[in-house]
Amino acid sequence: MSDSNITFIGGGNMARSLVGGLVAAGTPSRTISVSEPQPELRNNLQKDFDINVHADNLSAATGTRVIILAVKPQVLQ
Numbered sequence: 066m067s068d069s070n071i072t073f074i075g076g077g078n079m080a081r082s083l084v085g086g087l088v089a090a091g092t093p094s095r096t097i098s099v100s101e102p103q104p105e106l107r108n109n110l111q112k113d114f115d116i117n118v119h120a121d122n123l124s125a126a127t128g129t130r131v132i133i134l135a136v137k138p139q140v141l142q
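Going by the working numbering, the sequence shown opens with residue 66, and the numbers climb by one from there.
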């Protein structure tokens, strides 16, 4: 379960840019969560921004206040 205020579904370039902007603007990293199935991207986001990362969408989105779909349309299922 996520205790985050903002959860991103997808951890690619779009999410990385938005997360970076939020953190740079002073948003506490503990309030940001990202769901990303690729371990390398997930680990890099966690290392670079010290945010919560998840391998699946349900665990990332449970309990969050805002969900941002940061994936290309053709990736949505």
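Quick reminder that beta carbons are idealized off the backbone N, C-alpha and C, glycines included.
Keep in mind that this is a model prediction, so the values were computed, not measured.
Provide the residue(s) that pair with residue i in DSSP beta bridges, ordered along the chain.
i: S98; result: T72, N117
i: L134; result: I74
Is the distance from the Cβ of residue i to the Cβ of residue j below 7 Å?
i: V84; j: I97; result: yes
i: N70; j: R107; result: no
i: L87; j: V99; result: no
i: A80; j: A120; result: no
i: D115; j: S94; result: yes
Assuming the contact rule is C-beta atoms closer than 8 Å, residue i and residue j should be a hit. Round their C-beta distance to whole Å, please.
i: A125; j: T72; result: 5 Å
i: E105; j: V118; result: No, E105 and V118 are not in contact; Cβ-Cβ is about 11 Å, not under 8 Å.
Got a sec, what are the start and stop residues for the alpha helix (DSSP H) residue i sits in?
i: L123; result: 122 to 126
For residue i, is the beta carbon positioned less than 6 Å from some heavy atom of the ligand ATP?
i: N109; result: Ligands displayed in this structure: none; no statement on the ligand ATP is therefore possible.
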